[in-house]
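First up is the structure itself, then whatever we jot down about it.
Residue numbers (this note's numbering), protein chains in the order written: chain A, 247 to 643; chain B, 247 to 643.
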């Protein structure tokens with residue numbers, strides 16, 4: 247039988263990364279391809295204790311239907327922490343709980359993008375978000391990402407020339423895939439341009455609290471005086487991703503539309519884990535917990551950087567990120583990261599070619615993304631050494 | 247600031263029911279408005295035991311990212327049970343875990359409906375699904391629901407006259423809001439018409455296993471020989487709704503598109519509860535558990551029917567359903583259920599006016615939907631008696 251699918255779904259390809267991840271289920275493959283946190287960072291013992299309490303004393307509430315906006319005490323404790331610690335959110339804002347950060351992007355796109363409306367993205371950017379915007383048949387326009395964030399001249403040019411620009415999508419802090427941080431100056435410039443051209447900004451900030459070195463740069467949302475920023479945060483990297491908990495802080499009017507959108511999508515987010523997360527945040531010391539995560543990832547980042555210094559030598563450049571989960575490595579422009587990753591795959595090491603993150607996904611990229619949070623120290627050493635073998639083979643050295 | 251929202255979200259109104267549910271958070275209001283299962287039916291003790299095991303022995307896997315299709319053992323045990331017990335699913339089908347049944351509708355709409363494509367719905371029908379289809383800017387066409395299901399003559403007329411009909415959406419078993427069951431004859435006719443006019447069917451079947459009386463009628467999916475039925479099931483009514491677990495059984499080609507759609511929506515469903523549900527299904531006797539739920543709801547249905555017989559008398563008709571969660575009550579056509587529900591609200595009893603379920607939501611309906619699963623026996627007696635007062639006032643008796 248022939249199925250007459252929608253245009254949007256016919257145009258959408260499965261994420262190359264998720265396809266790579268399936269390959270890495272082979273346990274003999276060393277994977278730097280994932281974006282997974284380390285299992286060691288999950289507060290399982292504390293969660294177990296809270297879960298027992300919930301099942302014993304509040305099972306009726308935790309297992310019943312909840313409201314679309316999310317569990318009120320979790321919304322409140324999340325909003326208060328964002329406000330008190332990072333000056334994120336004003337009295338005109340509200341906060342909704344979503345089923346992971348990805349849903350924040352989906353609901354924002356649903357609320358703003360008509361078919362053929364334009365959304366401007368950093369190039370490269372997170373493929374999950376790019377595909378989400380594609381699923382709304384939006385016009386995606388990439389603006390090159392520099393070491394200190396989006397190229398602001400190119401952004402202004404794009405805002406001048408493109409029609410129906412509704413949104414600018416950025417991951418300003420420890421960007422995926424590059425690990426780069428948008429400078430404070432550029433954050434201010436971005437807000438100024440968004441205001442001048444009357445465009446909304448989606449600030450996707452899942453790695454915000456994973457800083458291992460360098461100086462704190464405030465969230466764009468904390469600099470927003472006009473209600474122009476939709477802030478998408480996540481508990482995936484500081485509690486755990488399998489529970490699918492994220493949040494969106496946005497102007498109340500926008501929030502109303504996100505709630506209507508979420509109602510028809512999944513009614514509400516798993517309530518048991520909303521209550522569990524709230525209890526974790528109120529009973530335990532989240533700041534200490536995050537500090538432990540930082541210490542672990544700092545050490546893993548350093549281990550991978552050392553291994554690259556030792557094994558890659560002059561063959562491949564790598565950027566030392568101040569945070570996040572990824573190291574971005576590049577060859578000169580004439581090379582193809584996808585070819586290199588094919589060879590490394592044959593040697594039992596998986597990494598993601600830079601082309602997977604391009605707004606125009608038929609483009610070639612000389613970059614490769616490495617994840618350092620998931621592999622063990624042994625896997626980092628062995629995997630980077632094997633990848634260097636692939637490099638030598640690819641470069642013919 | 248003025249926000250330039252998408253057309254789809256501007257046209258979408260918040261669900262009237264969810265607004266009513268907010269009012270019923272006032273504990274002095276007796277609510278027949280919800281669609282919630284009874285808290286007594288949640289297997290909290292068994293879940294607590296499994297959760298402890300998961301946190302102790304498999305926390306790493308349960309809290310980590312999972313694949314979009316869902317936890318493989320849960321997919322397998324769900325598919326096997328559907329196949330063995332109800333002949334649902336063929337070797338050409340596959341099963342995906344979704345974040346509650348609502349997401350099954352959302353992903354099906356995403357995969358099939360272009361803007362202005364037509365979806366045919368029973369009239370009245372479940373508002374959450376109707377709003378979901380509206381969010382894709384689809385053309386919703388209602389076909390009247392008779393006591394034994396959709397009016398098949400009207401359906402054929404509609405299939406003949408409407409353009410770009412892609413989907414027929416039905417809740418054939420213990421329909422929401424009416425509690426009615428589509429006859430076997432009509433199920434066969436529906437498949438025949440769908441085949442003749444080359445249209446897909448969404449079979450939304452959350453109440454399938456909640457039968458308290460009458461004869462079993464097989465699922466439409468079990469009669470499907472062409473791969474024309476997308477079957478949406480839910481664990482909300484047999485395990486608990488707060489965990490947001492549903493499933494879709496559909497032809498493999500369709501499944502591939504649903505997976506791509508889910509990837510960009512929420513990546514995957516809460517993995518911890520997918521594993522927990524699997525362990526519940528494999529360790530405990532689900533059939534006994536469902537039998538207990540049936541016994542409870544049968545008794546509550548009978549209690550509400552008795553109370554209506556006693557209090558409503560000749561004032562209002564009510565249909566005794568063989569299953570599900572709702573009793574559908576009607577006045578003669580010249581009356582307005584919404585007016586009646588306003589008066590009952592003032593007396594402290596909430597129910598949902600039939601107009602909330604109409605495909606054209608500006609239409610007036612003389613019907614009212616009552617839920618019997620959530621209220622206690624005392625609330626049923628007192629609430630129906632108060633509702634009868636409202637009836638007397640409304641009818642001027």
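Glycine included, C-beta positions come from ideal geometry on N, C-alpha and C.
In angstroms with no decimal places, state the Cα-to-Cα distance between residue i and residue j.
| i | j | result |
| --- | --- | --- |
| residue 442/B | residue 375/B | 25 Å |
| residue 527/B | residue 323/B | 8 Å |
| residue 506/B | residue 510/A | 18 Å |
| residue 338/A | residue 473/A | 8 Å |
| residue 615/A | residue 558/A | 14 Å |
| residue 591/B | residue 318/A | 25 Å |
| residue 639/B | residue 633/B | 10 Å |
| residue 627/B | residue 360/B | 48 Å |
| residue 514/B | residue 504/B | 12 Å |
| residue 529/A | residue 289/A | 13 Å |
| residue 421/A | residue 453/A | 8 Å |
| residue 377/B | residue 258/B | 7 Å |
| residue 610/B | residue 580/B | 9 Å |
| residue 437/A | residue 532/B | 55 Å |
| residue 496/B | residue 326/B | 14 Å |
| residue 447/B | residue 475/B | 5 Å |
| residue 381/B | residue 502/B | 22 Å |
| residue 575/B | residue 637/B | 12 Å |
| residue 320/B | residue 463/B | 26 Å |
| residue 292/B | residue 299/A | 14 Å |
| residue 363/B | residue 250/A | 11 Å |
| residue 598/A | residue 266/A | 8 Å |
| residue 499/B | residue 635/A | 40 Å |
| residue 440/B | residue 398/B | 11 Å |
Can the beta-carbon of residue i be found closer than 8 Å to that of residue j?
| i | j | result |
| --- | --- | --- |
| residue 539/A | residue 484/A | yes |
| residue 334/A | residue 594/A | no |
| residue 518/A | residue 341/A | no |
| residue 358/A | residue 413/A | yes |
| residue 386/B | residue 445/B | no |
| residue 549/A | residue 279/A | no |
| residue 456/A | residue 426/A | no |
| residue 411/B | residue 396/B | no |
| residue 480/B | residue 346/B | yes |
| residue 612/B | residue 577/B | yes |
| residue 617/A | residue 571/A | yes |
| residue 370/A | residue 600/A | yes |
| residue 379/B | residue 355/B | yes |
| residue 555/A | residue 424/A | no |
| residue 282/A | residue 522/A | no |
| residue 418/A | residue 449/A | yes |
| residue 547/A | residue 458/A | yes |
| residue 451/A | residue 478/A | yes |
Note the first and the last residue of the continuous beta strand (DSSP E) segment covering residue i.
| i | result |
| --- | --- |
| residue 413/B | 411-416 |
| residue 494/A | 492-497 |
| residue 448/A | 446-450 |
| residue 480/A | 475-480 |
Who pairs with residue i in a beta bridge, going by DSSP?
| i | result |
| --- | --- |
| residue 367/A | 388/A, 415/A |
| residue 316/B | Beta-bridge pairing links residue 316/B to no other residue. |
| residue 341/A | 495/A |
| residue 563/B | 576/B |
For chain D, check one thing: does any of its Cβ atoms lie closer than 8 Å to the Cβ of residue i?
| i | result |
| --- | --- |
| residue 321/B | Any reference to chain D falls outside this structure, whose protein chains are A and B. |
Which two residues bound the contiguous alpha helix (DSSP H) that contains residue i?
| i | result |
| --- | --- |
| residue 354/B | 347-358 |
| residue 255/A | 253-257 |
| residue 309/B | 305-309 |
| residue 457/A | Unbroken run through residue 457/A: none, as it is neither H nor E. |
| residue 248/A | It is not in any alpha helix (DSSP H) - residue 248/A carries neither H nor E in the DSSP assignment. |
| residue 399/B | 398-407 |
| residue 433/B | 430-442 |
| residue 376/A | 373-380 |
Please indicate yes or no: does the CB of residue i lie closer than 7 Å to some heavy atom of the ligand PLP?
| i | result |
| --- | --- |
| residue 350/A | Although the ligand PLP was asked about, the structure shown includes no ligands whatsoever. |
task: Can you check the stretch 565-641 of chain A for any alpha helix (DSSP H) of at least 4 residues that lies completely inside it and give the ranges in chain order?
output: 583-592, 623-641
Complete beta strand (DSSP E) runs within the stretch 482-542 of chain B (minimum length 3 residues, chain order) | 492-497
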